[in-house]
Amino acid sequence: MSLNFESESESTSIIARVIDDGNNTDEDIEEPTPKKRRGESVTYETFRTYETLDDCLKELKEGSVENATWGSKDVQKTEIGEKHYFKCSHCNKRAYFLIHRTNLNVTLYIQGIEHNDQIETSKIPIKTKEKILSILRTIRKQKILVGGFEIT
């Protein structure tokens, strides 16, 4: 397989055209990439409607919405208004508030699942970390001889 670049004038772009010369191998043939599948849709339930945006933000920041703290994620503009998404700081529960275009009300929607207060983390478990530190302290207390010199 060879590439042929053609250009009629300097004002036109150069286009790479693939010419089949009969020398195709299995390595030349590109496999189509599989489509990425979307996750399951998240269902939200109406939690409360607020008179102003400040009232909604105040409750989210104070942690009075389901006794949890919420972290801001992203903003999406839609035909019905502007959606601001949040995630619980202690689990994967999500929420969003909708600033309506037709009036000044703000509606808070929360995902219809229970809070799971165990955050999945890649940190070392506490017991393992304590054991590693105790081993390091023990090693540091031992005297090491290197080349006839004592290292402590």
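For the sequence shown, my numbering gives the first residue as 232, with consecutive numbering after it.
Don't be surprised by glycine CBs; every beta carbon is placed ideally from N, CA and C.
I344 sits exposed, since fewer than 16 C-beta atoms from the chains shown fall within 10 Å of its C-beta.
Of the residues assessed, K324 falls on the buried side of the cut-off, its CB having 16 or more other CB atoms within 10 angstroms. Shown here for T280: same chain residues with a beta carbon closer than 8 Å to its own, the five before and five after excluded, namely N336, V337, T338 and L339 in chain order. Inter-residue distance for Y275 and K267 is about 24 Å (C-alpha atoms, whole angstroms).
The DSSP-derived three-state label of R368 is helix.
Residue ranges of uninterrupted alpha helix (DSSP H) with 4 or more members, entirely inside the region 262 to 314 and ordered along the chain, are 284 to 293. DSSP lists no beta-bridge partner residue for H346.
When secondary structure is reduced to three states using DSSP, I355 falls in the coil class, being assigned neither helix nor strand. Between V306 and K314, the beta carbon gap of about 7 Å places them in contact (Cβ cut-off 8 Å). Cα atoms of G302 and Y316: separation of roughly 9 Å, rounded to the nearest angstrom.
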